[in-house]
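Heads up: the structure comes next, in structure tokens.
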């Protein structure tokens, strides 16, 4: 019969040798915002901030880490107790206008506005190939598909979610076209899939047919108009990396292209 362990005397606690603890994880240091961040602010007031997001920067931090707009948000607080928060999505590879709410009520109002499709969004793209017509509308439902070999992507399918885009040609170059795109729905990769369905994938968009080993995807959120009180609107500049292709299609810095389908004057 095994001997009993002696009890601790009254008033004394038994002590145990602690197991070796793993070293504490170092705190995650926020990434330093780029020096030119202030120059990317297109509109700033007490409740709304519109930022010119660089292409290639995700809005939200991914599971694998890496830089994201979330790292910059504290530097965009600009006198507020809390940093601003994005009011809508903008793909990682898409440059241009991103709307952020600076207060909780403003963020809720902006979120409802985008959810209802009341924000007027205008995109510019350079596409490979030239559409036969000068303007048109694409009405193709989209659904998400994924395979082990290629990962996920969006595709046109009758059983998908409704997706509609109005487009017009603003300029043409040799084998290229400069399109103005206005989405009437907000599906993931909508403009990319719709341009590919037009037979003119976006230049640099390897996922949907615009194969390019060196060029970025030439898609930008060029302007946005918000029917708030008072109305807000902003226009983003063409990124430096996009300029050669835009110039080849007749774009002129500071030029005007008429009201068209994507007018950005306040509603």
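In UniProt numbering, the protein residues as written are 1 to 267. For glycine and all other residues, C-beta sits at the position ideal for the given N, C-alpha and C. Bear in mind that the values here come from a model prediction, so they are computed numbers and not experimental data.
Unbroken beta strand (DSSP E) run spanning residue i, endpoints
i: residue 61; result: Premise fails: residue 61 is in no beta strand (DSSP E) and is neither H nor E.
i: residue 123; result: 120-128
i: residue 90; result: Premise fails: residue 90 is in no beta strand (DSSP E) and is neither H nor E.
i: residue 254; result: Segment: none, residue 254 is in no beta strand (DSSP E) and carries neither H nor E.
i: residue 202; result: Per DSSP, residue 202 belongs to no beta strand (DSSP E) and is neither H nor E.
i: residue 131; result: Here residue 131 belongs to no beta strand (DSSP E), and DSSP marks it neither H nor E.
i: residue 116; result: No beta strand (DSSP E) holds residue 116; DSSP gives it neither H nor E.
i: residue 174; result: Where residue 174 is concerned, there is no enclosing beta strand (DSSP E), given that its DSSP letter is neither H nor E.
C-alpha distance - residue i paired with residue j, whole-angstrom precision
i: residue 52; j: residue 233; result: 13 Å
i: residue 42; j: residue 214; result: 29 Å
i: residue 55; j: residue 93; result: 5 Å
i: residue 272; j: residue 218; result: Residue coverage of the chain in this structure runs from 1 to 267, which leaves residue 272 outside it and unanswerable.
i: residue 80; j: residue 102; result: 8 Å
i: residue 210; j: residue 253; result: 25 Å
i: residue 132; j: residue 245; result: 20 Å
i: residue 228; j: residue 148; result: 44 Å
i: residue 142; j: residue 130; result: 23 Å
i: residue 194; j: residue 201; result: 8 Å
i: residue 206; j: residue 224; result: 27 Å
i: residue 45; j: residue 159; result: 42 Å
i: residue 208; j: residue 140; result: 15 Å
i: residue 220; j: residue 237; result: 9 Å
i: residue 97; j: residue 235; result: 7 Å
i: residue 22; j: residue 64; result: Model confidence at residue 22 stands at a pLDDT of 44, short of 50, so the residue's coordinates are unreliable and nothing is read from them.
i: residue 39; j: residue 111; result: 25 Å
i: residue 199; j: residue 57; result: 27 Å
i: residue 222; j: residue 95; result: 8 Å
i: residue 117; j: residue 231; result: 15 Å
Coarse secondary structure for residue i, derived from DSSP in three states
i: residue 48; result: strand
i: residue 110; result: helix
i: residue 194; result: helix
i: residue 226; result: strand
i: residue 71; result: helix
i: residue 37; result: coil
i: residue 105; result: helix
i: residue 236; result: coil
i: residue 76; result: helix
i: residue 148; result: coil
i: residue 163; result: coil
i: residue 207; result: helix
i: residue 82; result: coil
Cβ-based burial, residue i [other Cβ within 10 Å; buried from 16]
i: residue 115; result: exposed
i: residue 146; result: exposed
i: residue 150; result: exposed
i: residue 108; result: exposed
i: residue 187; result: buried
i: residue 74; result: exposed
i: residue 274; result: Residue 274 falls outside the range modelled here, since the chain spans only 1 to 267, and no answer is possible.
i: residue 152; result: exposed
i: residue 162; result: exposed
The alpha helix (DSSP H) enclosing residue i, as first and last residue numbers
i: residue 247; result: 243-248
Cβ-based neighbour list, residue i, same chain, cut-off 7 Å, excluding 5 preceding and 5 following
i: residue 60; result: 68, 70
i: residue 136; result: 167
Close-in-space but distant-in-sequence residues of the same chain around residue i (CB under 8 Å, 5 per side omitted)
i: residue 77; result: 83, 84
i: residue 249; result: 126, 170, 171, 172, 173, 176, 177, 178
i: residue 26; result: With a pLDDT of 39 at residue 26, under the threshold of 50, the modelled position of this residue cannot be trusted; read the value that follows with caution. Cβ within range, chain order: n/a, list empty.
i: residue 62; result: 68
i: residue 191; result: 123, 125, 165, 181, 183, 202, 219
i: residue 88; result: 98, 99, 110, 111, 114, 119, 186
Contact set for residue i: own chain, Cβ-Cβ below 6 Å, skip 5 residues either direction
i: residue 113; result: 119
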